Structures are given as structure tokens and as C-alpha cells.
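With the working numbering applied, the sequence shown covers 1 to 215.
Structure record follows, encoded as C-alpha cells.
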Amino acid sequence: SPGRILATPPASGFQSRRGFRFSCIRCVSRQDRTSALCQLFTREAALQTPPSLAGTDVVIVKSGRRICGTGGCLANAPLHQNKSYFEFKIQSTGVWGIGVATQKVNLNQVPMGRDTNSLVLRSDGSVYHNNEEKNRLPANSLPQEGDIVGVTYDHVELNLYLNGKNMHCPASGIRGTVYPVVYVDDSAILDCQFSDFYHTAPPGFEKILFEQQIF
């Protein structure tokens with residue numbers, strides 16, 4: 001089954017900032033509410049992830065594969081391998097971003113890419129790191145509802161794929177140990193895919209390999 005992220009939202013989550021109530025009701029209506037109390041990016045070994053790896057107004061449903069609400073969440077496994085690949089499906093448009101980040105990233109800040117701790121594709125097609133636009137998708141290639149965005153990372157460069165097509169939109173600059181990251185706001189809903197990909201990973205790249213240790 002696909003890798004997942006684990007996060008625990010606060011009890012007051014359904015009364016949070018703009019866009020949060022609408023998107024979360026829409027998410028949870030598709031899943032048992034018990035499932036909404038945990039998980040974005042756990043793994044098959046079911047390791048526990050600290051709540052600090054998710055924003056306080058984030059809600060995770062669909063067995064840990066869907067994020068909605070407001071804020072961001074990190075994967076519970078760093079990208080240690082040389083070449084990693086993962087995907088996100090845009091279930092509902094709004095404000096969102098995907099990419100890589102260190103554990104120092106502010107998961108309550110939207111959009112990300114404002115400091116040295118994150119390198120992300122934003123929903124407007126720009127790729128930001130340290131408050132600088134590093135690249136931009138072609139104007140006619142902005143991800144829409146139902147699209148699959150693929151991400152490759154080789155410890156130097158992040159590249160983006162739209163429905164399996166290379167966007168030739170490389171970006172770099174982030175340093176240190178990084179994790180897959182995703183954020184949402186304004187009713188955006190995204191699904192993560194860390195295995196069983198919609199599209200074949202580019203040559204040399206593969207799914208995230210989890211270390212056999214408890215964090």
C-alpha cells in the first residue's frame with residue numbers, strides 16, 4: 001500500500017481559519033471521522049510520528065493519504081537515498097504547495113518557500129526557496145483538479161512532472177536533510193502517493209526507502 005504521513009490535528013480543528021471548515025467537511029464526508037484523527041504519510045511499519053510534523057490546523061483522512069485544512073505536513077521519512085520520486089494528486093484546487101523541506105520548516109505558514117527550510121512548487125506555478133522564485137511552470141501547464149504532480153529529488157536538484165511529462169523546471173538551493181512536504185489552504189485537497197505510482201518514475205528514481213528505525 002502507498003506510504004502515508006502521520007499527523008494528529010487538534011480537537012478544535014474544525015473551527016479554524018478560512019477555508020478550513022469547508023475543505024475538512026468535504027474530506028471527512030468521504031471517510032470515517034475516526035480516520036480523520038490521524039495520519040498523513042505513515043508507513044507500512046506503522047511508526048509513530050511526532051505531532052510537530054504537521055500544522056496545527058491540518059486534517060488527514062483516507063487512511064493517511066489525503067490532506068486538507070490549513071497548513072503543512074512533512075513525511076515521516078527523510079530522503080536519504082540518492083534519487084527519490086513521489087507524487088501528489090490535486091483532488092480540489094485552492095492554495096497548495098508540494099516539494100521538500102527540513103524539519104525546521106514552519107508548518108503553519110502558507111505559502112512555504114519563504115526561507116531556507118523549504119523548496120516548493122506553489123499552486124500558481126512558481127517554485128520558491130528562501131523567498132526567491134527559482135523557476136516557474138509554463139503558463140499553459142498549471143496543475144488543475146485531477147492532475148498528478150510528480151517530484152524527483154537527487155540531493156541537489158528538484159524536478160517536476162505533470163501527468164508524467166517532465167516540465168523541465170529544475171530548482172535547487174535547499175541544504176541538509178529534507179523530507180517530502182505538502183501544504184494546503186483555501187479548500188485545496190491533495191492526495192499523496194509514495195508507491196503504486198500513477199506514472200512510471202523517471203529512470204534511476206524510485207519510491208522513498210524507509211529506514212528500519214524508530215524516530
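Glycine is no exception: its CB is placed at the ideal position from the N, C-alpha and C atoms.
Quick caveat: nothing in here was measured; it's all calculated off a predicted structure.
Where do the ends of the beta strand (DSSP E) carrying residue i lie?
i	result
E87	S84 to S92
R66	R66 to L74
S118	S118 to R122
V151	I148 to Y153
E203	Contrary to the premise, residue 203 reads as Pro rather than Glu in this sequence. That residue, P203, is in no beta strand (DSSP E); it is neither H nor E in DSSP.
V59	D57 to V61
Taking just the CA atoms, how far does residue j sit from residue i?
i	j	result
A216	C73	The shown model of the chain, from 1 to 215, leaves out residue 216, and the question about it has no answer.
R114	L209	28 Å
P111	S195	26 Å
A188	C169	23 Å
I60	C68	6 Å
Y161	A201	10 Å
So for residue i, helix, strand or coil by DSSP?
i	result
N140	helix
C162	Inspection of the sequence shows that residue 162 is occupied by Leu rather than by Cys. Three-state result, L162: strand.
L107	coil
L190	strand
Would you list the one or two residues that DSSP bridges to residue i?
i	result
I98	L121 and V182
H129	L119 and E132
Please report whether the beta-carbon of residue i lies at a distance below 8 Å from any beta-carbon of chain B.
i	result
T70	Annotation note: the requested chain B is absent from the structure, which comprises a single protein chain.
Would residue i be called buried (16 or more neighbouring beta carbons within 10 Å of its own) or exposed?
i	result
T177	exposed
P143	buried
R175	exposed
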